[in-house]
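By UniProt numbering, the letter at position 52 of the sequence shown is numbered 52, and the numbering carries on one by one without gaps. Note that the Cβ used here is the ideal one computed from N, Cα and C, for glycine as well. Nothing here was measured: the structure is a model prediction, and the numbers come from that model.
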Amino acid sequence: AVNKVMKTEFIYQENFTNFQELNLKLAEYVYWYNNLRIHGSLGYKTPVEYRKAE
1 AVNKVMKTEF
11 IYQENFTNFQ
21 ELNLKLAEYV
31 YWYNNLRIHG
41 SLGYKTPVEY
51 RKAE
């Protein structure tokens, strides 16, 4: 499921001119995914919020 989400939300939405740009945008996406994006399967919390609540 994570790979499908990453493709849909990130890979197919971006154009990369070089490897450095890919690395930077990927790091930004991973931060957003873990810290800002809510997940229905986690009770509409971010993964970070969910881990803190355990």
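If you ignore the 5 residues before and after LYS45, its C-beta comes within less than 8 Å of the C-beta of ILE38, HIS39 and ALA53, all in its own chain and listed in chain order. Per DSSP, THR46 is not a residue of any alpha helix (DSSP H), being assigned neither H nor E. Membership of PHE10 in any alpha helix (DSSP H) is not indicated, and neither H nor E is assigned to it by DSSP. A Cβ-Cβ separation of about 7 Å places GLY43 in contact with TYR50 under the 8 Å criterion.
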